[in-house]
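Residue numbers (my numbering), protein chains in the order written: chain A, 2 to 483; chain B, 79 to 574.
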């Protein structure tokens, strides 16, 4: 299967889902067909990449030297694998969740969901900045209806902040950065070792890097992070798959892609021109963790945790030593798996007990053991403790920062792990051991529907599996550095 | 018959068809004749463009050789504009049938006769190689346009037409004064001849004044800020079909005339040296881009919003000219063509909506996305083109404009173009949000999707926006040839 076909599957799926809006059964079946086909399509790309060839496909030439083209390389493949496999699990979860809470307009919802995944695949497989930019914008636009899905004033307000931040940063900063790159390097096509070396005055490299990194609003470096908490008005499956996986990971994926294939790791680590952004990222990591400590709304707390975790990737990409890039790449995958578990948990709690704030969850762990068990695993993986996959990315990021002799960045990473314990791990601890909050049943099991539990436990299990078998992940990440 | 002899029929066919059309009864025949005339004209224009890419075509009327007689002289620049004007007439006329039946139920013979006159006038301005002939055709098309605007269903159309008449006449008079001065100094009206004779007398105040008069006169017809005041009302209150056609063609032709005088008649090394033209045009263009987009962001009437957006788009074209390079002029020609496509599509989608709901106000759009999905989707897609999203025609022209700005070393212009594009995002998004994310107001009458006769032409134009965004060979090569025809094939540009 060519990369273009793989990208096309979710778009065609979206069309089918939208057309089947009068027939719920057919609609649900189509959701599955699209997700499964998409997953198979991505898996089929593994072989060529591993053998080192990777398919390249020029779809259309807009102007000479400016085309829409796809190429599958290790980083894109990794992102596509994460997105496509988690889409399968999220489909299971979302169908159950949306029906349990009685949401309407499900055809529009699942169609936009599929389009968002298709755009994520387009971003993953893009061969040049123009193609990437097109899919980046489709992703922003297709997720707006999902954020505002409930249609309340609150949702609309959140949606406005969401779309405004993403569009203004991308058109106002990212697009000029792309144009600048084109005029400096004469090409937008990603290449091993970067395309900018020798074309831009070293004085301007930090500025250009700043335009890129702050322009990629989806990576949510402070002060471009406000959209992420605003997007939490969305239904839980949207927060889970999109705002923990597809959208934010598209952001940090773009960050990595730009760092590795546009600037080139040699240029970044050699000149240290990305370091000032790494400092911003370190600040974001600590500041977002501190904000998360003060929030009692569960999803808002998770959102700020996401802001902090995304900056790990930005930090790694900007430090740009081999270990840092490997750590950042692994973080992209491992954080996705852990964070989707947490959002699934938040949604499950809402379905089963309609509770949204942290103090209301005291004692709930005893009646929702599966949910809180999975939640605990997710927390531990994000903190980065051994026995959980999340440890590997933290490990390599710290190694990479040491390699670059950036002790303060190392300190920020470690401090953040401690803060994580405070604001994340306390949730399941109080859930299991604190006296029951008002209205929480004290006996028996009151769990979320089975489909949601299966989804959560699968993701939690993946967190553990990645600790023992990080090999394939490490192999893909290792292909990025010389 | 050689193409050079066929080419004048681009103008003659609609001109001759107009009086016949006025005599035809009913609602079908006048329209059918107008469509046939426009199609014939467009077919000839399509044959002319490839022939004119090489050496210019020349035709002497009544066998009076130039510079005595009236000469039609066609190179890549005017062949390109002529094809655009005729093409827009052919694409919009099928749409016009249903819309005009609703808005101008009576005396359609006169209406279509006036349309043919306006159309013939625009074609004449484009093709002629005679300066005075430009003025004559300008008046023919302008007078017809005033009358057409006055056909608008709202009584305010009369005032809008009257205002346009005053401003338009001032503009045409300025042009006439300028041409008069040139005739005084050189004794000729033929443009090619003028270009040869002017260098001898170029250091006189009369010639300088002539240039200034012509630029201001055309600036008025072009709606270059601050001479744009006639445009918003004229576009808002005209019948929808006239808005579509005029928005797509009239300002473009005025821009062409300005280019022709500045570059061919006066030669750029004179025009841009004797007046601070590059600076003035750049400042006015930027002011137009910002003021137009800014005002558009807050309009409650969507026709007026698109009209102000046109003021901004004219700014992009003039900005390209102010850079005085082949790339800059190419960008101007590309945007001239692409803007006709995108604004035509937007006004058609809007007109289709108005046909059903009877109002152009933003409140009327609320919740329409579900009721009239095809119409509103067409609007949103054409909106992408005006924003300049890659894969649309709008992207191509903005890309060339940015290319030209970078070539000239104007970094900051890129930022300004990006910012005004963001403003376009806002005013298009407003409509999208109202249509899909708000619900129909209580008590709003039930409406159905528009008839196919309106939707099909609208979607054709939307599709063209994407076609020319993907297949750029025709537009880019024609626009480059047009720019080279005006500037001479110098790479890099001829900045004085």
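Just so you know, even glycine gets a beta-carbon here, dropped at the ideal spot from N, CA and C.
Minimum Cβ-Cβ distance from residue i to chain B less than 9 Å
i: residue 431 of chain A; result: no
i: residue 135 of chain A; result: yes
i: residue 454 of chain A; result: no
i: residue 468 of chain A; result: no
i: residue 184 of chain A; result: yes
i: residue 322 of chain A; result: no
i: residue 1 of chain A; result: Absent from the structure is residue 1 of chain A, since the part of chain A shown begins at 2 and ends at 483.
i: residue 367 of chain A; result: no
CB contact flag (residue i, residue j, <9 Å)
i: residue 348 of chain B; j: residue 454 of chain B; result: no
i: residue 311 of chain A; j: residue 234 of chain A; result: no
i: residue 324 of chain B; j: residue 426 of chain B; result: no
i: residue 347 of chain A; j: residue 316 of chain A; result: no
i: residue 1 of chain A; j: residue 50 of chain A; result: Given that chain A is displayed from residue 2 to residue 483, the structure contains no residue 1 of chain A and the question cannot be resolved.
i: residue 418 of chain B; j: residue 297 of chain B; result: no
i: residue 410 of chain B; j: residue 389 of chain B; result: no
i: residue 118 of chain B; j: residue 152 of chain B; result: no
i: residue 188 of chain A; j: residue 129 of chain A; result: yes
i: residue 4 of chain A; j: residue 71 of chain A; result: yes
i: residue 14 of chain A; j: residue 35 of chain A; result: yes
i: residue 122 of chain B; j: residue 87 of chain B; result: yes
i: residue 202 of chain B; j: residue 215 of chain B; result: yes
i: residue 138 of chain A; j: residue 168 of chain B; result: no
i: residue 309 of chain B; j: residue 301 of chain B; result: yes
Below-9 Å beta-carbon distance, residue i vs any chain A residue
i: residue 574 of chain B; result: For residue 574 of chain B, the predicted structure reports a pLDDT of 34, less than 50, and the residue's modelled location is therefore unreliable. A value from the coordinates is still provided. Not closer than 9 Å to any Cβ of chain A, the Cβ of residue 574 of chain B fails to qualify, so no.
i: residue 537 of chain B; result: no
i: residue 569 of chain B; result: With a pLDDT of 42 at residue 569 of chain B, under the threshold of 50, the modelled position of that residue is not reliable, and no figure is offered here.
i: residue 468 of chain B; result: yes
i: residue 500 of chain B; result: yes
i: residue 493 of chain B; result: yes
i: residue 484 of chain B; result: yes
i: residue 548 of chain B; result: yes
i: residue 376 of chain B; result: no
Member of the options whose CA lies at the smallest distance from the CA of residue i
i: residue 565 of chain B; options: B:173, B:263, B:350, B:244; result: B:350
i: residue 141 of chain B; options: B:134, B:150, B:296; result: B:150
i: residue 53 of chain A; options: A:66, A:40, A:76, A:148; result: A:76
i: residue 485 of chain B; options: B:307, B:329, B:404; result: B:404
i: residue 510 of chain B; options: B:95, B:117, B:448, B:346; result: B:448
i: residue 495 of chain B; options: B:341, B:84, B:391; result: B:391
i: residue 125 of chain B; options: B:83, B:507, B:100, B:90; result: B:83
i: residue 373 of chain A; options: A:449, A:334, A:321, A:390; result: A:449
i: residue 461 of chain A; options: A:397, A:403, A:444, A:389; result: A:389
i: residue 161 of chain B; options: B:213, B:85, B:254, B:250; result: B:85
i: residue 220 of chain A; options: A:429, A:30, A:325, A:246; result: A:246
i: residue 266 of chain B; options: B:213, B:463, B:480, B:146; result: B:146
i: residue 387 of chain A; options: A:471, A:436, A:309, A:446; result: A:471
i: residue 437 of chain A; options: A:482, A:154, A:368; result: A:368
Cα-Cα separation between residue i and residue j, rounded to whole angstroms
i: residue 114 of chain A; j: residue 243 of chain A; result: 8 Å
i: residue 463 of chain A; j: residue 217 of chain A; result: 29 Å
i: residue 568 of chain B; j: residue 540 of chain B; result: Confidence at residue 568 of chain B is low in this model, with a pLDDT of 47, below 50, so the placement of that residue is unreliable and no value is reported for it.
i: residue 418 of chain A; j: residue 393 of chain A; result: 13 Å
i: residue 526 of chain B; j: residue 132 of chain A; result: 38 Å
i: residue 186 of chain B; j: residue 112 of chain B; result: 11 Å
i: residue 469 of chain A; j: residue 225 of chain A; result: 36 Å
i: residue 574 of chain B; j: residue 354 of chain B; result: Legend: pLDDT at residue 574 of chain B = 34, less than 50; position of this residue unreliable, no value from coordinates given.
i: residue 223 of chain A; j: residue 423 of chain B; result: 40 Å
i: residue 65 of chain A; j: residue 555 of chain B; result: 12 Å
i: residue 379 of chain B; j: residue 439 of chain B; result: 4 Å
*Contact between the region 97-109 of chain B and the region 218-228 of chain B: three or more CB pairs below 8 Å?*
no
*Given 8 Å as the limit, is there contact between the region 472-489 of chain B and the region 403-422 of chain B, that is, 3 or more CB pairs closer than that?*
yes
*With contact counted as at least three CB pairs below 8 Å, one residue from each stretch, are the region 227-241 of chain A and the region 264-284 of chain A in contact?*
no
*Is there contact between the region 344-363 of chain A and the region 454-473 of chain A, where contact requires at least three CB pairs shorter than 8 Å?*
yes
*Is the number of C-beta pairs between the region 468-483 of chain A and the region 329-344 of chain A that are closer than 8 Å three or more?*
yes
_Closer than 8 Å is the cut-off here; do at least three beta carbon pairs connect the region 376-384 of chain A with the region 331-345 of chain A?_
yes
*Does the region 173-182 of chain B come within contact of the region 195-214 of chain B, defined as at least 3 CB pairs closer than 8 Å?*
no
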